[in-house]
Amino acid sequence: MRPRLKMRLGDLLVQEDIISEQQLQQALEDQRRNGRKLGVTLVDLGFISEQELLEFLARQLNIPFIELSDRKIADDVVNLLPEVQARRHRALVVEADDEEALVAMSDPADLTAVDAISQYLQPRQIKLAVAPDHELLEAFDNLYRRTKDIAQFASQLQTEYARDEAVDIAALSLEDDTDDATVAKLLQSIFADAVQVRASDIHIEPDDRALRIRMRVDGVLQENVLNETTIASALVLRLKLMAGLDISEKRIPQDGRFHINVRDHAIDVRMSTMPVQYGESCVMRLLDQSAGVLELEQTGLPEHLLKRVRNLIHKPYGMLIVTGPTGSGKTTTLYGVLNELNKAEKKIITVEDPVEYRLPRISQVQVNSKIGLSFSRVLRTTLRQDPDIIMVGEMRDGETVEIGLRGSITGHLVLTTLHTNDSITSALRLIDMGAAPYLVGAAVRGVLAQRLIRKVCDNCKVSDEVEPGDLTLLRRMSSEVPEDGSGFVRGKGCRNCNHTGYKGRIGVFELLELNEEMVNALRDANMREFAAAARNSQHFRPLALAALDYAREGVTSVDEVLFLAETVEEEELKGTLTEDAEDAHG
């Protein structure tokens with residue numbers, strides 16, 4: 110099928126009074142400069158929306174306009190057209206049998222692309238449909254997964270090793286370090302799949318009868334199980350070589366890092382190995398360096414908190430603590446702060462383990478415990494380097510806490526992180542680590558607690574009927590929740606979100622600024638009064654309520670709010686038990 114427009118697209122749009130002749134001439138002039146297609150140029154200039162343009166094309170060519178997000182498309186149908194060709198021609202096979210194939214395109218009037226696709230799909234006749242370009246791009250990422258390639262290379266690798274049972278896997282992995290090596294191809298497929306689905310971590314876990322490759326997407330692990338158990342050691346071995354680790358040592362954990370380029374993404378990989386029952390487990394954290402360091406506005410801080418955080422970080426001294434569990438985005442927020450403070454007139458030194466992003470003009474120190482380069486030792490030296498601002502990657506021990514607190518009251522702005530679940534318990538944690546309560550009160554200006562919660566998928570978002578028990582909990586959190594539980598949403602699951610109902614995450618924050626009442630409570634070492642003063646602070650809004658705000662706005666689900674609230678309550682309970690123990694010994 111080769112549909113043709115009876116006239117040129119621009120002339121047709123003018124004839125139908127969709128755009129003016131003047132707009133067409135401006136678009137043609139812009140097109141001559143940038144070389145893009147006329148339709149794309151018209152949309153970019155704002156003369157017509159993508160939806161209007163595609164519906165117009167569908168009418169003129171007498172073909173259907175389809176929305177891909179509503180369709181379930183089988184893997185074998187999609188793979189009739191190779192991914193390279195699909196992305197090149199912006200085309201996706203949606204339906205197919207032995208005689209015909211329905212192909213969705215963003216520009217079905219592109220006869221060159223139609224001819225190329227026809228060649229790949231022979232002997233089938235193609236029927237065309239038009240679909241939004243952004244939906245096609247999402248479909249490519251979701252449907253052209255690397256799971257088939259991973260299974261194929263794993264099977265091939267298993268076959269190669271099975272030819273000679275006495276083969277030395279270590280030696281074989283070292284023999285061929287080219288991209289043609291099966292191990293390299295398998296790893297390339299794994300990393301490409303991880304980048305495609307925006308995974309933050311890759312887990313390679315050998316088991317008795319399976320090799321599990323799991324990827325953490327939006328905070329939740331997704332599993333791919335391979336039957337080829339004997340290839341696990343070859344995978345981990347190649348990764349150790351890439352990270353510069355000792356390949357002969359399998360009895361103790363090792364940590365390393367390496368850099369790779371995948372699909373135009375520069376990825377920094379932090380790798381950790383650990384001996385387990387059936388070999389070595391390997392976990393890799395993926396840091397996308399190509400995205401660069403976020404501006405403070407891009408970290409997700411709401412406008413009202415952004416102003417207060419800026420007020421804190423532009424003070425000449427004091428300590429700002431960013432707190433939350435592992436993977437809650439603390440480092441992203443701190444780098445956003447550093448990015449804003451990074452001026453020629455400011456001397457900034459960071460002490461990190463590891464250095465995750467390289468920043469110009471900032472002196473970044475990598476902690477190395479093997480040679481005695483600990484946080485406390487580096488921090489002590491840092492104070493003699495005439496800094497204005499110090500960033501300590503994490504407060505891990507009492508000595509580091511003591512030096513950091515004293516540095517913040519002697520004319521330095523100190524930024525740091527703690528592994529606690531909310532802001533109130535952070536001050537208590539510092540005291541638990543041996544810091545004097547009066548020193549915490551004098552040094553700490555504010556604590557920013559944060560968590561990442563999953564966003565409901567916009568494509569499959571529907572109204573949620575909240576269960577009575579959950580509604581009771583929500584109304585206990587806030588009386589503003591309607592008695593009938595209306596206004597909440599959930600994701601029913603679709604192809605765009607991998608049938609999870611969620612796509613992407615958003616930051617939830619609470620900011621505790623220490624006032625005179627809280628400082629006095631700390632100086633008196635009265636933890637109960639401090640917690641009460643913090644909760645009653647005028648501008649303090651707890652994490653759970655901040656998450657509830659997002660749920661009421663239709664951004665996240667009730668389940669995410671209740672999960673976060675339960676986690677924070679457990680942490681507060683621990684703090685209460687600590688207070689009770691102190692009272693008993695007081």
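With the numbering used here applied, the sequence shown covers 110 to 695.
Glycine is no exception: its CB is placed at the ideal position from the N, C-alpha and C atoms.
Note that the structure is a prediction, hence the values are computed from the model and not measured.
Paired residues, beta bridge with residue i - DSSP
i, result
"Met-636", "Met-636 is not bridged to any residue."
"Pro-315", "Leu-320"
"Met-500", "Thr-459, Leu-524"
"Val-393", "The sequence as given places Met at residue 393; Val does not occur at that position. DSSP, once it has assigned bridges, lists Ile-311, Met-380 as partnering Met-393."
"Gly-388", "Val-385"
"Lys-612", "Partner(s): none; Lys-612 has no beta bridge."
"Lys-102", "Given a span of 110 to 695 for the chain in the structure shown, any question on residue 102 remains unanswerable."
Beta strand (DSSP E) segment containing residue i, residue limits
i, result
"Thr-382", "374-385"
"Asp-185", "No beta strand (DSSP E) holds Asp-185; the alpha helix (DSSP H) holding it covers 184-187."
"Arg-554", "553-565"
"Leu-429", "427-432"
"Gln-407", "No beta strand (DSSP E) holds Gln-407; DSSP gives it neither H nor E."
"Gly-367", "According to the sequence displayed, residue 367 carries Phe and not Gly. Here the beta strand (DSSP E) through Phe-367 covers 363-371."
"Ala-218", "Note, Ala-218: premise wrong, no beta strand (DSSP E); not H, not E."
"Leu-335", "329-335"
"Leu-201", "200-205"
"Gln-494", "Segment: none, Gln-494 is in no beta strand (DSSP E) and carries neither H nor E."
"Ser-178", "It is not in any beta strand (DSSP E) - Ser-178 carries neither H nor E in the DSSP assignment."
"Lys-474", "Reading off the sequence, residue 474 comes out as Val, not Lys. Counting along the chain, the beta strand (DSSP E) containing Val-474 begins and ends at 472-475."
Boundaries (first-last residue) of the alpha helix (DSSP H) holding residue i
i, result
"Ile-533", "533-541"
"Ile-422", "412-422"
"Asp-593", "No alpha helix (DSSP H) contains Asp-593, which DSSP labels as neither H nor E."
"Gln-305", "291-305"
"Ser-572", "It is not in any alpha helix (DSSP H) - Ser-572 instead sits in the beta strand (DSSP E) that spans 570-572."
Residue j beta carbon less than 8 Å from that of residue i
i, j, result
"Thr-291", "Leu-320", "no"
"Gly-616", "Thr-435", "no"
"Ser-136", "Val-239", "Correcting the residue type first, residue 136 is Ala in the shown sequence and not Ser. No, the pair does not count as a contact, with Cβ atoms beyond the cut-off."
"Phe-165", "Gln-132", "no"
"Leu-671", "Arg-614", "no"
"Gly-600", "Gly-610", "yes"
"Thr-491", "Ile-458", "yes"
"Arg-563", "Glu-669", "yes"
"Glu-176", "Tyr-253", "no"
"Val-460", "Val-487", "yes"
"Val-371", "Val-476", "no"
"Ile-518", "Arg-489", "no"
"Lys-349", "Ile-340", "no"
"Pro-546", "Arg-637", "no"
"Ala-308", "Met-324", "yes"
"Val-57", "Ser-532", "Absent from the structure is residue 57, since the part of the chain shown begins at 110 and ends at 695."
Exposure of residue i, with buried meaning 16 or more beta-carbon neighbours within 10 Å
i, result
"Pro-469", "exposed"
"Leu-620", "buried"
"Thr-509", "buried"
"Arg-117", "exposed"
"Gln-494", "exposed"
"Met-383", "exposed"
"Leu-686", "Note that Leu-686 has pLDDT 38, beneath the 50 cutoff, so the model's placement of it is unreliable and the number below is only indicative. The residue in question, Leu-686, is exposed, as its Cβ has fewer than 16 Cβ neighbours within 10 Å."
"His-413", "exposed"
"Val-431", "buried"
"Glu-125", "exposed"
"His-198", "buried"
"Asn-336", "exposed"
"Lys-570", "buried"
"Ile-376", "buried"
"Leu-246", "exposed"
"Ser-472", "exposed"
"Ile-311", "buried"
Close Cβ partners of residue i (< 6 Å) along its chain, the five nearest in sequence each way excluded
i, result
"Asn-568", "Ser-178, Cys-603, Asn-605"
"Val-402", "Tyr-444, Asn-448, Tyr-466"
"Val-123", "Glu-130, Leu-133"
"Ala-552", "Met-428, Leu-514, Ser-517, Ile-518"
Own chain residues within Cβ distance below 7 Å of residue i, not counting five before or after
i, result
"Met-627", "Phe-639, Ala-642, Ala-643"
"Thr-440", "Glu-465"
"Asp-317", "Tyr-387"
Test: residue i CB closer than 8 Å to a CB of chain C
i, result
"Tyr-387", "You won't find chain C in this structure, because it holds only one protein chain."
Other residues of its chain near residue i: CB distance less than 8 Å, five sequence neighbours each side excluded
i, result
"His-608", "Gly-602"
"Arg-272", "Any reading at Arg-272 must be qualified, since the residue scores a pLDDT of 43, below 50, and its modelled position is unreliable; the value itself is stated next. Excluding residues within five positions, none has a Cβ falling inside 8 Å."
"Arg-360", "Pro-384"
"Glu-503", "Asp-462, Phe-484, Thr-525, Thr-526, Leu-527, His-528"
"Glu-675", "none"
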